[in-house]
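Novice: When we follow full-length UniProt numbering, the leftmost residue of the sequence shown carries the number 1, and every step to the right adds one. Don't be surprised by glycine CBs; every beta carbon is placed ideally from N, CA and C. Just passing along the structure, written as structure tokens.
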Amino acid sequence: MSAQELADNSLIDTWALVRNLFSREEYHLQQIARLERSLANAGHRNHQDRTAYNSLHQQYESLYQAYTDLQAEHERLKQELATLQRQCCHKQDHSPNVESAQAGA
């Protein structure tokens, strides 16, 4: 091979390498763009998930407070019922004595 042929071959190889580098750079840029879109979408989904979580947490807190209030009211009514039942039973216990005392008079 002559020196000119070697020089021509090295030029061809150089341009092939340059084209290959540009091709790989374009591929990598496409991959970067795809990853950036995925990251933006993930950020958007993360924001939506956090918003939904915060909303659910507020609803839970509200329902828990309502449950606590109902439980306290239930206990109060239960105690009131027990008091009324004791008063009713106490009156019934004394009623026969009153009736028998009235019958004896």
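Give me the Cα-Cα distance between residue 64 and residue 42, rounded to the nearest whole angstrom.
Specialist: Numbered from 1 along the sequence shown, position 64 holds the residue referred to as residue 64. Numbered from 1 along the sequence shown, position 42 holds the residue referred to as residue 42. Spanning the two alpha carbons is a distance of roughly 32 Å.
Novice: From residue 73 to residue 87, what distance separates their C-alpha atoms?
Specialist: On the sequence shown, residue 73 is found 73 positions in, with the first residue counted as 1. On the sequence shown, residue 87 is found 87 positions in, with the first residue counted as 1. Whole-angstrom Cα-Cα distance: 21 Å.
Novice: In the region 6-53, which residue ranges form an unbroken alpha helix (DSSP H) of at least 4 residues, counting only runs that do not cross its ends?
Specialist: Segments of the alpha helix (DSSP H) lying fully in the region 6-53: there are none.
Novice: Give the straight-line distance between the Cα atoms of residue 76 and residue 36, rounded to the nearest whole angstrom.
Specialist: Locating residue 76 in the sequence shown gives position 76, where the first residue counts as 1. Locating residue 36 in the sequence shown gives position 36, where the first residue counts as 1. Going by the C-alpha atoms only, they are around 59 Å apart.
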